[in-house]
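Residue numbering for the sequence shown follows full-length UniProt numbering, starting at 7 and increasing by one per position.
The C-beta atom is built at its ideal place from N, Cα and C for all residues, glycine as well.
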Amino acid sequence: GNHSPRVVIVGAGFAGLGAASTLVKHGLTNLVVLEASGRAGGRVFTHKPFGTAALELGATWIHGQKDNPLYQMAKENQLLAHDGFNMVTCQPTSVTPQDYFFTEEGKLLPSPQVEGVTCFFGDLMSKIIQQDFKPECESWSVGEYLDQEYALSSVSKADRWSSDGVYEWCKRAECVDEACNSMYEFSLSQLGFYTALEGPFFNSLGSKGYQAVLDILIDQLPPNSLRYHKPVQGIQWEGSPSLVTRTSKYPVKVICEDGEEFPADHVIVTVSLGCLKERASTFFDPPLPKGKMEAIERLGFGTVAKIFLEFSEPFWPEDCAGIQFVWKHSWRSQWYKKIVGFDCVPMHRSTLCGWITGLAAEHMEYLPESEVGEVCTRLLKQFTGWPVTELQGVLRSKWHSNPYVRGSYTNVPVGVDAVKEQTTLGEPLPSTHHTKGLRPLQVLFAGEATHPNFYTTTHGAYMTGVREADRILQLHGFKANPRL
Ligand code: 6YU
7 GNHSPRVVIV
17 GAGFAGLGAA
27 STLVKHGLTN
37 LVVLEASGRA
47 GGRVFTHKPF
57 GTAALELGAT
67 WIHGQKDNPL
77 YQMAKENQLL
87 AHDGFNMVTC
97 QPTSVTPQDY
107 FFTEEGKLLP
117 SPQVEGVTCF
127 FGDLMSKIIQ
137 QDFKPECESW
147 SVGEYLDQEY
157 ALSSVSKADR
167 WSSDGVYEWC
177 KRAECVDEAC
187 NSMYEFSLSQ
197 LGFYTALEGP
207 FFNSLGSKGY
217 QAVLDILIDQ
227 LPPNSLRYHK
237 PVQGIQWEGS
247 PSLVTRTSKY
257 PVKVICEDGE
267 EFPADHVIVT
277 VSLGCLKERA
287 STFFDPPLPK
297 GKMEAIERLG
307 FGTVAKIFLE
317 FSEPFWPEDC
327 AGIQFVWKHS
337 WRSQWYKKIV
347 GFDCVPMHRS
357 TLCGWITGLA
367 AEHMEYLPES
377 EVGEVCTRLL
387 KQFTGWPVTE
397 LQGVLRSKWH
407 SNPYVRGSYT
417 NVPVGVDAVK
427 EQTTLGEPLP
437 STHHTKGLRP
447 LQVLFAGEAT
457 HPNFYTTTHG
467 AYMTGVREAD
477 RILQLHGFKA
487 NPRL
């Protein structure tokens, strides 16, 4: 037809906002963004206690600088923390002498011993990422490979149990980066397909946090185009020529849980991979093609959780960047043994941020807040022996229990071809090969999980939104986005 194309976007995270702002920038304003929750941002969630700097419950840093649209946006709008600011204190897995490593017996481990292991581990991870590993190990997990190399190394010989404990800590910390339950689940050969953008990997935002970057995009949308508390229940589309009802002007119908229906020429689905895993089989009518369903099943989606603890006064030394936990015994038996440690939080002088992943993180989300606070405080006393001050507040993320997220970010399980599955996941429907008799680009897919190089990141999510908006713009003869 010759009406202005009508676009519905499901989800107002960075992917959805990236798509919407791109369409609007090129003059395609006939759109609506349907967001299930009462706020935009999705896995970016800036909590701002009154009068204080931001606490990020989700994404924390802007990863890399060169060709990073979000870094560019933050820089142009003076939203970055000043250069070099907390480059030391804010990295979860990189170790500095300001990280205090304590054993469960309350012993502070000397820095040289800790660094012997963490440097060995870091070098090994860099080699894996550069695909520099023994080819016969191609089908292994990262964990199996690390264990083999660690056993062969000389690192493990001196002061056996504390070195082993630090090595176990390294694997626990690495689970944060990879959003996995254990390093024995992550594919060795696929790790290198993730691409790190050039420039410092941990760019920190100023006191307004990530919300300020979201606001730039939100401000570009036409009035009333962003609709909150609008969970989508399902999407009807013309899956095959036999289903085409030529009488309807629009090929797609988006149906909300409250019954409201939104007809559209195109719908861009940006819900998380966790939501797709849970709901894809009933969400689409007709159902998704087999390849798409397989991609949803095969790619992994793990949980990373943060536990913020606010104390009456700092009880750690001024130079302390974080308190890291080294266990003598296996972490598998109790949820809290999976806690990596507690990092100091920039701009919050008496707050610590704990990191935990996988099934233990999911378990933690369902415990009473008071229990989480008590357990963490007890651990901090036991490990450090410092006079722990009064706990005044607990704030933790709940990404897994959130029905509109169901986890934190994508990982690649052993045996999965990541690029193939991510590419399949991102293909629009009807697929270009079978468009005969069907209207094109009815259902499009964006979101972190659909980016073969930048998955797990905010800029990756944003770029997939731009990618799908561009497909629609090109189809309708709008000028292509100069940024891509
Ligand atoms: C980054 C970082 N960071 C920590 C933690 C988390 C994540 N990430 P969204 O889910 O945002 O949006 C979808 C919307 O849809 C949402 O609003 C829903 O409510 C809505 N919705 C769902 N169902 C719906 C329905 N039915 N109807 C209507 N609406 C519906 N990224 O760049 N820097 O520091 C971190 C971190 C705890 C949870 C992160 C980080 C990941 C990003 O947050 C995430 O990718 C994007 O926000 C996703 O946006 P989206 O739009 O796709 O979905 C090999 C290898 C691995 C390499 N690893 C590299 C290292 C990465 C290390 N990362 C550390 C990350 C941290 C700490």
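What does a CB cutoff of less than 6 angstroms around Tyr234 pick up in its chain, not counting 5 residues either side in sequence?
Glu41 and Gly44
Phe127 to Cys176, Cα distance in whole Å?
7 angstroms
Under three-state DSSP, which class holds Lys259?
strand
Helix, strand or coil for Ala311, going by three-state DSSP, please let me know.
strand
Best match in Asp73, Phe451, Thr395 and Gln78 for proximity to Gly22 [C-alpha to C-alpha]:
Phe451
In chain order, which beta strand (DSSP E) runs of at least 3 residues are fully inside the segment 7-94?
The segment 7-94 contains these whole beta strand (DSSP E) runs: 13-16 and 37-40.
Any non-hydrogen atom of the ligand 6YU within 7 angstroms of Tyr410 CB
yes
Counting Cβ pairs, one atom from each stretch, are 3 or more of them under 8 angstroms apart for the segment 16-31 and the segment 45-53?
yes
Tell me the DSSP bridge mates of Ile274?
Ile15 and Leu450
Mind the definition here: the segment 424-443 touches the segment 288-306 only if three or more C-beta pairs lie below 8 angstroms; say whether that holds.
In short, these stretches touch, since the Cβ pair count reaches three.
Tell me which residue opens and which closes the beta strand (DSSP E) that Cys382 is part of.
From DSSP, Cys382 is part of no beta strand (DSSP E) but of the alpha helix (DSSP H) over Glu375 to Thr390.
Cβ atoms of Leu203 and Gly70: under 8 angstroms apart, would you say?
yes
According to DSSP, simplified to helix, strand and coil, what is Cys125?
helix
Can you tell me the Cα-Cα spacing of Gln340 and Ala366, whole angstroms?
Rounded to the nearest angstrom, the two C-alpha atoms are 8 angstroms apart.
Give me whichever residues DSSP pairs with Cys359 in a beta bridge.
Phe314 and Asp349
What number of angstroms, rounded off, separates the C-alpha of Tyr106 from the C-alpha of Cys350?
11 angstroms
Can you list, in chain order, the residues of its chain whose CB lies under 7 angstroms from that of Thr35, leaving out five sequence neighbours each side?
Closer than 7 angstroms at Cβ, skipping near neighbours: Pro228.
Quick check: is any heavy atom of the ligand 6YU less than 7 angstroms from the C-beta of Gly453?
yes
Quick one: what's Asp105 bridged to in DSSP?
Gly328
Please determine whether the Cβ atom of Asp183 lies at a distance below 7 angstroms from any heavy atom of the ligand 6YU.
yes
Leu365, DSSP secondary structure in three states
helix
By how many angstroms is the C-alpha of Gln78 removed from the C-alpha of Met370?
36 angstroms
When every heavy atom of the ligand 6YU is checked, does at least one fall within less than 7 angstroms of the C-beta of Tyr156?
no
Is it true that the segment 460-471 meets the segment 288-302, where meeting means three or more beta-carbon pairs spaced less than 8 angstroms apart?
no
For Asp476, is the classification buried or exposed, using 16 other Cβ atoms within 10 angstroms of its Cβ as the cut-off for buried?
buried
To which residues of the same chain is Leu282 closer than 7 angstroms at the C-beta, ignoring the five residues directly before and after it?
Non-local C-beta neighbours of Leu282 in its own chain, meaning closer than 7 angstroms and more than five positions away in sequence, comprise Ile302, ordered along the chain.
Per-residue burial, Ser406 [other beta carbons within 10 Å of its own, 16 or more giving buried]:
First, the residue type needs correcting, since residue 406 is His and not Ser in the sequence shown. By the 10 Å Cβ count, His406 comes out buried.
Work out the CA separation of Val332 and Cys181 for me, nearest whole Å.
Distance between the alpha carbons of Cys181 and Val332: 15 angstroms.
Applying the 10 Å Cβ sphere with the 16-neighbour rule, what's the burial state of Gly483?
exposed
Going by Cα to Cα distance, which pick from Thr395, Val275, Gly328 and Val346 is closest to Ile15?
Val275
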